[in-house]
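K.L.:
One structure, pasted below without further comment.
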Amino acid sequence: MAGGITRLLACGADTLPSYRGLDIGPTFVHAPHLGLRPGEAYPAFNKPHSAALWVRARQAGAQAGGPALEAFVVFVDADMLLTRPVRPSEFGVVPGTVAAATYDFLAGASQGLADAFGLFPKAHFARVGGVHIFTFGDLADVAPRWLAWTEAVRGYACDAPEAYSALAMPDGARGATAGAKLQFMWQAEMYGYMIGAADVGLQHASSRVLMQYSGYEPPPQADALQPPLLHYGVDWQLGSAFSFNKLGHLHLRPSLCPRWFWPALPPNSVTVRCNAMQ
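Take 21 as the starting number for the sequence shown in my numbering and just add one per residue.
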């Protein structure tokens with residue numbers, strides 16, 4: 021798909037002057053979502069918040085005689101790499117149908133999470149996330165509902181954490197550690213999307229080929245089709261010599277351009293990676 025890349029940046033006026041790397045590419049800057057309660061630290065609010073504000077700005081610009089609206093929008097997280105062109109038609113994107121990566125662990129789609137909000141029916145609930153390919157119109161429709169439902173799910177998760185965990189976590193995760201439960205708290209945004217998309221009647225073309233976690237072996241249907249997106253969202257290990265997890269680099273500032281983000285790879289480790297991805 022031919023088109024530009026725009027970074028969505030939630031950055032307050034007090035910190036923007038000292039932000040390094042603002043000029044690395046087209047960037048849409050907006051004030052961050054400050055949460056539902058004082059001191060709340062949940063940056064994922066800014067995913068739907070950014071989308072809603074960007075859509076509104078694009079619509080206003082087009083109406084004022086600026087560039088025409090995009091036909092499609094590929095919405096990816098910052099910890100993903102593009103490996104080849106993304107073609108919406110390849111993944112079944114048409115008005116009313118969004119392509120997205122499959123996320124089986126979103127068990128709340130069938131375990132009653134929506135019942136806590138009195139939502140019926142649930143026919144459109146989809147266990148998807150990570151990357152979405154929208155028509156512009158579908159993104160414009162879902163973005164405000166995505167944000168509203170993220171706020172609702174996050175509020176419920178904070179007010180009733182045990183009830184939320186019981187409804188949002190898959191059976192195999194019951195009795196999980198506090199760290200694992202915290203990760204499921206983070207997924208409030210994903211559930212916000214699931215409910216918001218159903219709220220506006222979107223269907224989904226769920227794909228196991230669209231996105232691949234680094235270090236995972238591609239599914240059988242990917243044999244002749246390289247996933248266009250690599251997601252560095254989990255532990256990634258090269259043999260026994262090297263491992264990487266983004267959560268181990270919370271203080272990394274790529275804009276400072278250190279020579280190495282982490283220690284240099286040991287000899288021959290790239291061969292291990294190539295074998296693992298074949």
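For every residue, glycine included, the Cβ atom is placed at its ideal position computed from N, Cα and C.
1) Pull up the distance between the alpha-carbon of residue 115 and that of residue 158, whole angstroms please.
2) Going residue by residue through the region 27-101, where are the continuous alpha helix (DSSP H) segments of at least 4 residues, counting only ones entirely within it?
3) Give the range of the beta strand (DSSP E) segment to which residue 231 is assigned.
4) For residue 256, list the residues DSSP reports as bridge partners.
5) Starting from residue 148, follow the beta strand (DSSP E) in both directions and report where the run begins and ends.
6) Buried or exposed: which applies to residue 254, given that a residue is buried once 16 or more other Cβ atoms fall within 10 Å of its Cβ?
7) Measure how close the beta-carbons of residue 29 and residue 47 come, nearest whole angstrom, since I'm counting them as under 8 Å.
8) Would you decide whether residue 38 is buried or exposed? Buried here means 16 or more other CB atoms lie within 10 Å of its CB.
9) Which runs of the alpha helix (DSSP H) at least 4 residues long sit entirely within the region 106-189? Give them in chain order.
10) Measuring straight from C-alpha to C-alpha, what distance separates residue 101 and residue 85?
11) Any heavy atom of the ligand FMN closer than 7 Å to the beta-carbon of residue 190?
12) For the beta strand (DSSP E) containing residue 225, name the first residue and the last one.
13) At which residues does the beta strand (DSSP E) containing residue 271 begin and terminate?
14) Take the Cβ of residue 83 as the centre, count every other Cβ of all protein chains shown within 10 Å, and call the residue buried at 16 or more, exposed below.
15) Kindly list the residues whose CB is nearer than 6 Å to the CB of residue 142, restricted to its own chain and excluding five residues on each side of it in sequence; keep chain order.
16) For residue 249, which residues of its own chain have a beta-carbon under 6 Å away from its beta-carbon, when the five flanking residues on both sides are left out?
17) Starting from the C-beta of residue 87, find all residues in its chain whose C-beta is less than 8 Å away, skip the five residues before and the five after it, and write them out in chain order.
18) Quick one: what's got a C-beta closer than 8 Å to residue 291's C-beta in the same chain, skipping five residues either side?
19) Is it buried or exposed, residue 59, if we count other Cβ atoms within 10 angstroms and call 16 or more buried?
20) Do you know how far the Cα of residue 181 is from the Cα of residue 122?
21) My assumption, with CB atoms under 8 Å, is that residue 9 sits in contact with residue 216. Please give the rounded CB distance.
22) What are the boundary residues of the alpha helix (DSSP H) that includes residue 215?
23) In terms of DSSP beta bridges, what is residue 250 paired with?
24) By how many angstroms is the C-alpha of residue 139 removed from the C-alpha of residue 190?
25) What's the gap between the Cα of residue 92 and the Cα of residue 24?
26) Applying the 10 Å Cβ sphere with the 16-neighbour rule, what's the burial state of residue 36?
27) Can you check whether the CB of residue 188 is closer than 8 Å to the CB of residue 128?
28) In whole angstroms, what separates the C-alpha of residue 40 from that of residue 104?
P.N.:
Checking against the coordinates, here is how it stands:
1) On the sequence shown, residue 115 is found 95 positions in, with the first residue counted as 1. On the sequence shown, residue 158 is found 138 positions in, with the first residue counted as 1. Between the alpha carbons of residue 115 and residue 158 lies a distance of about 7 Å.
2) Listed in chain order, the complete alpha helix (DSSP H) runs (minimum 4 residues) inside the region 27-101 are 66-83.
3) Translated into the one-based positions of the sequence shown, residue 231 becomes position 211. Segment 231-233, the beta strand (DSSP E) holding residue 231.
4) To locate residue 256, count along the sequence shown from 1; it is residue 236. Residue pairing by DSSP puts residue 256 in a beta bridge opposite 264.
5) Residue numbering aside, residue 148 sits at position 128 when the sequence shown is read from its first letter. Counting along the chain, the beta strand (DSSP E) containing residue 148 begins and ends at 148-155.
6) Residue numbering aside, residue 254 sits at position 234 when the sequence shown is read from its first letter. When all chains shown are included, residue 254 counts as exposed.
7) Taking the sequence shown and counting its residues from 1, one reaches residue 29 at position 9. Taking the sequence shown and counting its residues from 1, one reaches residue 47 at position 27. Yes, they are in contact, since the Cβ atoms of residue 29 and residue 47 sit about 5 Å apart, within 8 Å.
8) Along the sequence shown, read from residue 1 onward, the residue named residue 38 stands at position 18. Around the Cβ of residue 38, a 10 Å sphere holds fewer than 16 other Cβ atoms; the residue is exposed.
9) Listed in chain order, the alpha helix (DSSP H) runs fully inside the region 106-189 are 156-179, 181-188, counting runs of at least 4 residues.
10) The sequence position of residue 101 within the sequence shown is 81, counting from 1. The sequence position of residue 85 within the sequence shown is 65, counting from 1. Residue 101 and residue 85: Cα-Cα distance of roughly 33 Å.
11) As presented, the structure is devoid of all ligands, the ligand FMN included, so that no description of it is given.
12) Indexing the sequence shown from 1 puts residue 225 at position 205. Start and end: 223-227.
13) For the purposes of this step, residue 271 is identified with residue 251 of the sequence shown, where counting begins at 1. Counting along the chain, residue 271 falls outside any beta strand (DSSP E), and DSSP gives it neither H nor E.
14) If you number the sequence shown from 1, residue 83 lands on position 63. Residue 83 is exposed by the Cβ-count criterion.
15) Locating residue 142 in the sequence shown gives position 122, where the first residue counts as 1. Spatial neighbours of residue 142 in its own chain (CB-CB distance under 6 Å, excluding positions within 5 residues in sequence) are listed in chain order as 134.
16) Here residue 249 is taken as the residue at index 229 of the sequence shown, counted from 1. Result list for residue 249: 100, 151, 231, in chain order.
17) As a first step, residue 87 is located in the sequence shown; it is residue number 67 there, counting from the start. Here the set comprises 81.
18) Your numbering for residue 291 matches position 271 in the sequence shown. Residue confidence is low: residue 291 scores 41 on pLDDT, short of 50, so the model does not pin down where it sits. Its coordinate-derived value is still stated next. Short of 8 Å from the beta carbon of residue 291, and not among the five residues preceding or following it, lies no beta carbon of its own chain.
19) By 1-based counting over the sequence shown, the position of residue 59 is 39. Residue 59 is classed as exposed because its beta carbon has fewer than 16 other beta carbons within 10 Å across all chains shown.
20) Looking up residue 122 in the sequence shown gives position 102. Looking up residue 181 in the sequence shown gives position 161. The alpha-carbon of residue 122 is positioned some 25 Å away from that of residue 181.
21) No information on residue 9 is available, as it lies outside the stretch 21 to 298 that the chain covers here.
22) Counting from one through the sequence shown, the residue named residue 215 turns up at place 195. Looking at the DSSP string, the run of the alpha helix (DSSP H) that includes residue 215 is 208-219.
23) Counting from one through the sequence shown, the residue named residue 250 turns up at place 230. Looking at the DSSP assignment, residue 250 forms a beta bridge with 101, 232.
24) Walking along the sequence shown from the start, residue 190 turns up at place 170. Walking along the sequence shown from the start, residue 139 turns up at place 119. Their backbone Cα atoms lie some 20 Å apart in a straight line.
25) Numbered from its first residue, the sequence shown carries residue 92 at position 72. Numbered from its first residue, the sequence shown carries residue 24 at position 4. Spanning the two alpha carbons is a distance of roughly 11 Å.
26) Here the question's residue 36 lines up with position 16 in the sequence shown. So residue 36 counts as exposed.
27) The residue you call residue 128 lines up with position 108 of the sequence shown. The residue you call residue 188 lines up with position 168 of the sequence shown. Yes. Within cutoff.
28) For the purposes of this step, residue 40 is identified with residue 20 of the sequence shown, where counting begins at 1. For the purposes of this step, residue 104 is identified with residue 84 of the sequence shown, where counting begins at 1. Their Cα atoms are separated by approximately 28 Å.
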